[in-house]
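So for the sequence shown, my numbering puts the first residue at 93; every next one is plus one. Structure, as structure tokens:
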Amino acid sequence: GFGYDDAQLDYYPTKADLDKVSTDKPVLIIHTSGHLSVANSKALELAGITSESEDPKGGIIRRMENSQEPNGVLEENAHFAMLFNLNKLIDSELQDRMLEASQGLYAKYGYTTAQEGRATSEGYEAMKRASKNDKLMIDLVAYADMVSSSDFMDSEYNTPEYTNHFRIGGVKLNFDGSPQG
Numbered sequence: 093g094f095g096y097d098d099a100q101l102d103y104y105p106t107k108a109d110l111d112k113v114s115t116d117k118p119v120l121i122i123h124t125s126g127h128l129s130v131a132n133s134k135a136l137e138l139a140g141i142t143s144e145s146e147d148p149k150g151g152i153i154r155r156m157e158n159s160q161e162p163n164g165v166l167e168e169n170a171h172f173a174m175l176f177n178l179n180k181l182i183d184s185e186l187q188d189r190m191l192e193a194s195q196g197l198y199a200k201y202g203y204t205t206a207q208e209g210r211a212t213s214e215g216y217e218a219m220k221r222a223s224k225n226d227k228l229m230i231d232l233v234a235y236a237d238m239v240s241s242s243d244f245m246d247s248e249y250n251t252p253e254y255t256n257h258f259r260i261g262g263v264k265l266n267f268d269g270s271p272q273g
């Protein structure tokens with residue numbers, strides 16, 4: 093899910109809240125800022141986040157009181173690492189369906205261009221596949237994540253012109269984070 097706001101909820105949800113939804117399927121909700129998230133126990137397990145996990149540089153794994161056990165709230169680089177790990181679990185067929193559905197939503201409201209502001213290698217491959225197979229109905233611009241995905245900056249799509257509605261626009265630089273995370 094996307095768009096929860098602790099300021100409107102008056103509290104931060106935790107994995108205990110999301111475990112009420114499911115303990116056998118991963119559940120992840122992303123803060124409206126896009127800089128933090130809350131994961132249920134299954135999502136934490138799939139991402140390999142445990143009480144032994146250290147906070148990544150530039151990120152925080154929030155813990156249960158008086159414990160090293162993650163409470164499910166992940167800030168900044170801990171959040172982004174979670175997203176990158178879970179993205180790797182999505183097969184290409186589901187990626188293609190998600191890309192088609194999101195384009196349809198943009199087009200329905202009259203948008204002709206969308207951007208992926210922190211593209212992973214998996215996301216890049218999905219957009220490239222859609223471009224090569226003439227499956228893009230709107231223009232897509234991808235910005236590679238500076239840390240994890242700059243390997244596709246050398247691609248034929250890194251050009252000022254679109255190729256079958258797709259191009260690389262540059263890299264995502266992140267120096268400050270957000271006030272929430």
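Even glycine gets a Cβ: it sits at the ideal position worked out from N, Cα and C. As the structure is a prediction and not an experimental result, all values here were calculated from the model.
- In the structure shown, residue 117 adopts coil according to DSSP, grouped into three states.
- Between residue 235 and residue 210, the C-beta spacing is below 8 Å.
- Residue 107 sits in a helix when the DSSP states are folded into three classes.
- In terms of Cβ geometry, residue 133 and residue 115 form a close pair [threshold 8 Å].
- For residue 100, the secondary structure class from DSSP, reduced to helix, strand or coil, is helix.
- In the three-state scheme derived from DSSP, where H, G and I count as helix and E and B as strand, residue 226 is classed as coil.
- Taking the CA atoms as reference points, residue 222 sits about 36 Å from residue 98.
- Across the structure, residue 257 and residue 144 are spaced so that their CA atoms are roughly 44 Å apart.
- A direct Cα-to-Cα measurement between residue 204 and residue 265 gives close to 25 Å.
- Going by DSSP, residue 232 is part of the beta strand (DSSP E) stretching over 231-237.
- For residue 207, there is no enclosing alpha helix (DSSP H); the residue is found in the beta strand (DSSP E) stretching over 205-211.
- Within the same chain, 128 and 129 come within 6 Å of residue 171 by CB-CB distance, once the 5 residues on both sides are set aside.
- DSSP places residue 191 in the helix class (H, G or I) of the three-state scheme.
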